[in-house]
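Residue numbers (my numbering), protein chains in the order written: chain W, 2 to 417; chain V, 2 to 417; chain S, 2 to 417.
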Amino acid sequence: PQAGAQTQSDVYDYIDNRLTNLESKLEGVEGGQEPWSSYVSEFGGRIMYDQTFAIDSDDSLKDGLGVDDLEEGAELRRARFFAEGAVAPWLAYKLQIDFGDGDVSTKDAYIKAHGLGGLPSVKVGHFKEPISLEEQTSSKYISLMSRTMLTDGVISQGRNHGLMLTDHYGDDQVNVALGVFDTGQNGKSAITGRITAPVVYSNGGRQVVHLGASLSQRNVDTFELGLEPEVHKTDDFVATRDVSDSETGVEILVDDTQVSGVELGAVLGPAHFQSEYGQLSLSTADGTDPSVDTYYVQGGFFLTGESRPYDKADGGFGRVKPNRPFTGANSGSGAWELVARYSVLDAEEMAGVSAIDGDGNSTSVAAAGVAETNVTTFGLNWYPVAHAKWMLNYVNADQDALGSASYVATRFQVDF
Amino acid sequence: PQAGAQTQSDVYDYIDNRLTNLESKLEGVEGGQEPWSSYVSEFGGRIMYDQTFAIDSDDSLKDGLGVDDLEEGAELRRARFFAEGAVAPWLAYKLQIDFGDGDVSTKDAYIKAHGLGGLPSVKVGHFKEPISLEEQTSSKYISLMSRTMLTDGVISQGRNHGLMLTDHYGDDQVNVALGVFDTGQNGKSAITGRITAPVVYSNGGRQVVHLGASLSQRNVDTFELGLEPEVHKTDDFVATRDVSDSETGVEILVDDTQVSGVELGAVLGPAHFQSEYGQLSLSTADGTDPSVDTYYVQGGFFLTGESRPYDKADGGFGRVKPNRPFTGANSGSGAWELVARYSVLDAEEMAGVSAIDGDGNSTSVAAAGVAETNVTTFGLNWYPVAHAKWMLNYVNADQDALGSASYVATRFQVDF
Amino acid sequence: PQAGAQTQSDVYDYIDNRLTNLESKLEGVEGGQEPWSSYVSEFGGRIMYDQTFAIDSDDSLKDGLGVDDLEEGAELRRARFFAEGAVAPWLAYKLQIDFGDGDVSTKDAYIKAHGLGGLPSVKVGHFKEPISLEEQTSSKYISLMSRTMLTDGVISQGRNHGLMLTDHYGDDQVNVALGVFDTGQNGKSAITGRITAPVVYSNGGRQVVHLGASLSQRNVDTFELGLEPEVHKTDDFVATRDVSDSETGVEILVDDTQVSGVELGAVLGPAHFQSEYGQLSLSTADGTDPSVDTYYVQGGFFLTGESRPYDKADGGFGRVKPNRPFTGANSGSGAWELVARYSVLDAEEMAGVSAIDGDGNSTSVAAAGVAETNVTTFGLNWYPVAHAKWMLNYVNADQDALGSASYVATRFQVDF
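Structure representation (structure tokens):
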């Protein structure tokens, strides 16, 4: 029925009938059949559609990368389905698949035992290793379109196969996670742990100070770096391979690696802040033992007064819910947020380290690919409703050996 | 309470309370958790299983294609899951993935804003460019097993990343769609538009005349053609590459391309008709600027009296619902339909045009692969119920330079 | 949203959306109807996470396989979503996709007509060929982590495209399945049939004797073998290719092949038993016509008194339901089961048979890869609840020409 073509009373009666009908159906529903597999409690997903424009770049950078134009364009950054549920009160699972651009990848695929007496929770399967505040925060809830150089490939290790224990101490004030993971190098493993605490949590989460630290000892034979400058749809500015040759990888020969990070997060009313410092130390076959150092500082502010939600149980940030959702004409404005970040990666010590190329021949890491890189990002976010977000980012990336470039990028996002 | 006795705001609050109450009760139905993501309103999919037999072929054709036998056999033509819903009254989404033979591909993955005042709808993400009546009609609802040469690679551009505005004028009599799309060649873009109108729409859709036109201006560096003869599970009869060498592509060097098409559709009781003419014009680097011309005419008739449904909002055809569904013994017969189509593609002007092969070496398009091709198809369809279809096709394809072949193919289809 | 801040039409649309959403959910809860797409009656999946350790191995074996260490490590053995339902009372479908390690594959994708008068059921699409008791038993319900050498590549043919008739005779005492399948070699086909009967079925399924036989005549040009020793995450011990070269396949040139198998299954209270003998006969181009012989015997026992469920309709084993589920502290113990299996494969007759390598060059099958192989497996299973399982396996595999190795492997499994 068209509301405009009817009197208000007609519309009301129509709605009233539907409501009454629903209410009567719902009575005695307890004995009803399960609608689906009764072990699926939620099915959903996310769509993130990005458009990236390389608006300015040094000729020296393009020459160094061996390209006529920097990569840019549109992509489905993430397109996912997931299901989660429980097969027993103490035994949950999640399975999440990504169908983003040109690729299918299994993200979460885990089984989790929890709530058995005072025992820690146990997770087995494929899931995120417990490192980094930014990594533990879902991509649905990050404040800028790209995570940092620190997160993407230096200290964070993404999702891997493994077994992890998690526990909470003292009224959820201290969270500990400790896991054994498969490094993907024929059964070699890593031990990874993280400890976090909201040392301040008051005013219903409008005042928070989060501290954390993580450490990972990794048994691997080779290590390779290849990082975009906090813009996903472009070239790698930092790489152990020859940066002008995107086809041939160069892997450093290592005995093992160690990753460590410290993290700080804060919420103060409409303002929020986060910063991490991380170090990657390689025990290399040639004895040079280089380190990579990286950090970032990020701040944001809700023009419309919301606070960035902090999740005490996970030690990460959560979903922004606009105070006044934009649900149509003459409704609220949604939430508006400004964000800025400065990020540094210094991989210079890797220059000259012994490595092998894709054919297994000896080589060494060229200095041009591992120079210090600084990235500055400004962002504007609009959250019309809690499950949708529009992001606009300006990024300036400066690689010391090659040169700098600027980008404008935008994201349209829903999750369901 | 009587709505008339209250202010609108009171009525709203009253309804809101009852709704919230219902929603929270419903969440409790599955043991304290939401039954599913409340933002998914439909989950479904489709299965199309095809069997193709090459029943007859000229020796000259097999020699020209460099094969002992034409390709044939069974395949899962389409096997899909999708979810769709809305995260706000004005903001919908759809995510659809295909798992058909040997391949995974992301089909629809879009976000759509609509119903905001008098503004056009806006779609962003990955979806069909607005070209061609046959392309806009879902594969669930096409009348023969394969779309036409016109649709598959000449004027239609399939699904791409982009942003599209759509609007309706004059009681849905005129539909306009206009979009900017990524051509997949490092950020280069295309502008595509379509305008359609059901100039006749009467008798509840049993009498329809649909007219339409589309145009696309495309900024690309290379263009390649490779088309099966309206039989999916067989060899390419038309190709810019050497047709006897299915491994090595040959791409024409272009400055840009332009695609244009006109379309006619009609429904007259149990009969239906559709025809399209399309032209692809290449501005080539060598200045020869060839065009490809293509058209088809198709007619169908429901022996059991149904009409082919026309969708005014989308400007395409929709789901056939049998008058007397076949639901078991002693039930109706389902719907039975006869279809015939004649299709022509003339790509002769491409012969000799400058191109590059897969190794980047200069070459030119061989005449044998771009000769005029004529395809005649006869089809018998049975729709036992609205969500199932059995198709039987006979196809004769004649390529002027190589020779001709005949096929029989059959499809078993359900969608859910 | 605040009603006063919006037009009546906006408020109406917003309420309408919430009502529609509630109504569709409630349809599912009521039973008989489904919430979403009304043609999906079940959506679910499975997660199996495995960890494999190669605990001991002969140097001769590693030398023969050309590796420094046997392959081992963690993997998502299976990670699946499926949907099934019906579009008419007589017309069902299933679509199931696997996202296990590093791979996406379409498993079941079929349409099934059934219950039409006294006619056999007809299945078309992609599904398992009717061979082998172990193969017909879902991977969710197998007693050891890996199926047998008999099942994986010798007599079982996995899932293929095809059309199959199934029927039941005499109160479900005799099941017959007969199908035509596509061998994947350009339209060449196979005919496969299976007949089974529970010759004893009493005491509500606590006493069962199952007999069965299957036969498949296959029209193919080439045949290749490559089998792990009943441990999925390790190297192929048996292969027609040079076993020290995992890159280059070696395919035997054949005119056709024939597969035959006989099967025995039994349940006696908490004990169960199964055994199969299979033979693969090749009609080779060189006239040597070798055969591969294989069999296994397996027994299991539920320490907690359950019986292994037998499914009369499918002629296979089903889901174990613990008598006393483990649902938390002070609940039951779940079901505990011990299993043992001995398995033999003799492919020696393949040695020296004419073949082609990956480049199409003539070669012959090396004796080292096709020596007799014996595998002994011991297993301990815990079923805390009906939809979860933990498995622990010890496997000793002995290949006559190369040597032997031992493994310990464990699986964490849920299905939903």
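For glycine and all other residues, C-beta sits at the position ideal for the given N, C-alpha and C.
| query | Shorter than 8 Å from the beta carbon of W:Leu23 to some beta carbon of chain V? | reply | Stepping through the first sequence from its first residue, residue 23 of chain W is reached at position 22. Yes - at least one Cβ of chain V is within 8 Å of the one on W:Leu23.
| query | Does V:Val221 come within less than 8 Å of chain W when only Cβ atoms are used? | reply | In the second sequence, residue 221 of chain V corresponds to position 220, counting from 1. False, the Cβ-Cβ gap to chain W never drops below 8 Å.
| Using a C-beta to C-beta distance shorter than 7 Å, which residues of chain S count as neighbours of V:Gly46? | Residue numbering aside, residue 46 of chain V sits at position 45 when the second sequence is read from its first letter. Within 7 Å Cβ-Cβ: Ala84 and Leu96.
| request: Taking 8 Å as the threshold, find out whether the segment 340 to 360 of chain V comes into contact with the segment 143 to 154 of chain V through three or more Cβ pairs. | output: yes
| query | By how many angstroms is the C-alpha of W:Asp222 removed from the C-alpha of S:Val232? | reply | For the purposes of this step, residue 232 of chain S is identified with residue 231 of the third sequence, where counting begins at 1. For the purposes of this step, residue 222 of chain W is identified with residue 221 of the first sequence, where counting begins at 1. When rounded, the separation of the alpha-carbon atoms in S:Val232 and W:Asp222 is 25 Å.
| query | If you measure from the beta carbon of W:Leu92 to each beta carbon in chain S, is any gap under 8 Å? | reply | Counting from one through the first sequence, the residue named residue 92 of chain W turns up at place 91. Output row for W:Leu92: interface = yes.
| said: If you measure between the beta carbons of S:Arg81 and S:Gln97, is that distance less than 8 Å? | reply: To locate residue 81 of chain S, count along the third sequence from 1; it is residue 80. To locate residue 97 of chain S, count along the third sequence from 1; it is residue 96. A contact, by the Cβ cut-off of 8 Å.
| I think V:Ala330 touches S:Gly118, with their Cβ atoms under 8 Å apart; what is that distance to the nearest whole Å? | Within the second sequence, numbered from 1, the residue matching residue 330 of chain V stands at position 329. Within the third sequence, numbered from 1, the residue matching residue 118 of chain S stands at position 117. By a beta-carbon distance limit of 8 Å, V:Ala330 contacts S:Gly118. Their separation comes to about 6 Å.
| task | Under 8 Å by Cβ, that's how I've got S:Val354 and S:Asp287 pegged, so tell me the actual separation to the nearest angstrom. | result | In the third sequence, counting from the first residue as 1, residue 354 of chain S sits at position 353. In the third sequence, counting from the first residue as 1, residue 287 of chain S sits at position 286. That belief holds up - the Cβ atoms of S:Val354 and S:Asp287 are roughly 6 Å apart, short of 8 Å.
| request: Kindly provide the ranges of any beta strand (DSSP E) runs that are 3 or more residues long and lie completely inside the segment 290 to 362 of chain V, ordered along the chain. | output: Listed in chain order, they are 292 to 303, 336 to 347 and 355 to 358.
| Is S:His388 close to chain W, meaning its C-beta is less than 8 Å from at least one C-beta of that chain? | Indexing the third sequence from 1 puts residue 388 of chain S at position 387. With its beta carbon less than 8 Å from one in chain W, S:His388 belongs to the interface.
| task | List the residues of chain S that W:His127 touches, going by C-beta distances under 7 Å, in chain order. | result | The sequence position of residue 127 of chain W within the first sequence is 126, counting from 1. Near W:His127 (Cβ distances below 7 Å), the residues of chain S are Leu77.
| Looking at the C-beta of V:Ser39, does it have a partner C-beta in chain S at a distance below 8 Å? | By 1-based counting over the second sequence, the position of residue 39 of chain V is 38. It does: the Cβ of V:Ser39 has a partner Cβ on chain S nearer than 8 Å.
| Taking C-beta to C-beta, are W:Phe413 and V:Tyr40 nearer than 8 Å? | To locate residue 413 of chain W, count along the first sequence from 1; it is residue 412. To locate residue 40 of chain V, count along the second sequence from 1; it is residue 39. Result no, Cβ atoms of W:Phe413 and V:Tyr40 do not sit closer than 8 Å.
| Mapping DSSP to helix, strand and coil, what is W:Gln137? | Numbered from its first residue, the first sequence carries residue 137 of chain W at position 136. In the structure shown, W:Gln137 sits in a helix (DSSP, three-state: H, G or I).
| Integer Cβ distance of W:Phe182 from W:Gly163, believed to fall under 8 Å | If you number the first sequence from 1, residue 182 of chain W lands on position 181. If you number the first sequence from 1, residue 163 of chain W lands on position 162. Contact flag correct, Cβ pair sits at about 3 Å.
| field | Any alpha helix (DSSP H) of 4 or more consecutive residues that is wholly inside the segment 193 to 246 of chain W | value | none
| Any Cβ of chain W within less than 8 Å of the Cβ of S:Thr328? | Here residue 328 of chain S refers to the residue found at position 327 when the third sequence is read from its first residue. By this cut-off, S:Thr328 is an interface position.
| query | Taking the C-alpha atoms as reference points, what is the distance between V:Gln137 and V:Arg160? | reply | In the second sequence, the residue the question calls residue 137 of chain V occupies position 136. In the second sequence, the residue the question calls residue 160 of chain V occupies position 159. Straight-line Cα distance between these residues: approximately 11 Å.
| said: Quick check: is the beta carbon of W:Arg242 nearer than 8 Å to any beta carbon in chain S? | reply: Against the first sequence, residue 242 of chain W aligns to sequence position 241. Cβ-Cβ to chain S under 8 Å: no for W:Arg242.
| Residues sharing a beta bridge with W:Tyr111, DSSP | What you label residue 111 of chain W is simply residue 110 of the first sequence in a count that begins at 1. Partner(s): W:Lys95 and W:Gly126.
| message | According to DSSP, simplified to helix, strand and coil, what is S:Asp401? | response | For the purposes of this step, residue 401 of chain S is taken as the residue at position 400 of the third sequence. Here S:Asp401 sits in coil by DSSP.
| task | Using three-state DSSP, classify V:Leu20 as helix, strand or coil. | result | To locate residue 20 of chain V, count along the second sequence from 1; it is residue 19. Note: V:Leu20 maps to helix in three-state DSSP.
| Among the residues of its own chain, which have a CB less than 7 Å from the CB of V:Glu73, if the five just before and after it don't count? | By 1-based counting over the second sequence, the position of residue 73 of chain V is 72. So the qualifying residues of the chain are Thr53, Phe54, Ala55, Lys234 and Thr235.
| Closer than 8 Å at the beta carbon, the chain V residues around S:Tyr15 | Translated into positions along the third sequence, residue 15 of chain S becomes position 14. Near S:Tyr15 (Cβ distances below 8 Å), the residues of chain V are Pro90.
| Buried versus exposed, by CB contacts within 10 Å (16 or more), S:Gln400 | Numbered from 1 along the third sequence, position 399 holds the residue referred to as residue 400 of chain S. By the 10 Å Cβ count, S:Gln400 comes out buried.
| request: Using beta-carbon positions only, say whether W:Leu424 and W:Gly154 come within less than 8 Å of one another. | output: The requested residue 424 of chain W is not part of the displayed model; chain W covers only 2 to 417.
| query | Short check: CB of W:Ser282 to CB of W:Thr305, under 8 Å? | reply | Here residue 282 of chain W refers to the residue found at position 281 of the first sequence. Here residue 305 of chain W refers to the residue found at position 304 of the first sequence. Their beta carbons are not under 8 Å apart, which means W:Ser282 does not touch W:Thr305 by this criterion.
| request: Reducing DSSP to helix, strand and coil, say where W:Ala389 ends up. | output: Against the first sequence, residue 389 of chain W aligns to sequence position 388. Note: W:Ala389 maps to strand in three-state DSSP.
| message | Tell me the DSSP secondary structure of W:Arg266 in three-state form. | response | Locating residue 266 of chain W in the first sequence gives position 265, where the first residue counts as 1. It is worth fixing the name first, because residue 266 of chain W is Gly in this sequence and not Arg. Residue state, collapsed to three classes: strand.
| field | Contact under 8 Å by Cβ, W:Gly404 with W:Val239 | value | In the first sequence, the residue the question calls residue 404 of chain W occupies position 403. In the first sequence, the residue the question calls residue 239 of chain W occupies position 238. In this structure, W:Val239 does not lie closer than 8 Å to W:Gly404 by Cβ.
| said: If I follow the unbroken beta strand (DSSP E) through W:Asp51, where does it start and stop? | reply: By 1-based counting over the first sequence, the position of residue 51 of chain W is 50. Unbroken beta strand (DSSP E) run through W:Asp51: Glu43 to Ser58.
| field | Neighbourhood of V:Gly317 by C-beta, 7 Å cutoff - its chain only, sequence neighbours within 5 removed | value | Here residue 317 of chain V is taken as the residue at index 316 of the second sequence, counted from 1. Within the same chain, Leu134, Gln137 and Thr138 come within 7 Å of V:Gly317 by CB-CB distance, once the 5 residues on both sides are set aside.
| Can you give the Cα-Cα distance for S:Glu31 and V:Val210, rounded to whole angstroms? | Within the third sequence, residue 31 of chain S is the residue found at index 30, counting from 1. Within the second sequence, residue 210 of chain V is the residue found at index 209, counting from 1. Confidence at S:Glu31 is low in this model, with a pLDDT of 38, below 50, so the placement of that residue should be treated as unreliable; the coordinate-derived value is given next. C-alpha separation (whole angstroms): 43 Å.
| Would you say the segment 106 to 126 of chain V touches the segment 85 to 94 of chain V, given that touching needs at least three Cβ pairs under 8 Å? | yes
| Cβ of W:Phe413 less than 8 Å from any chain S Cβ? | Reading the first sequence from its first residue, position 412 is the one you call residue 413 of chain W. Cβ-Cβ to chain S under 8 Å: no for W:Phe413.
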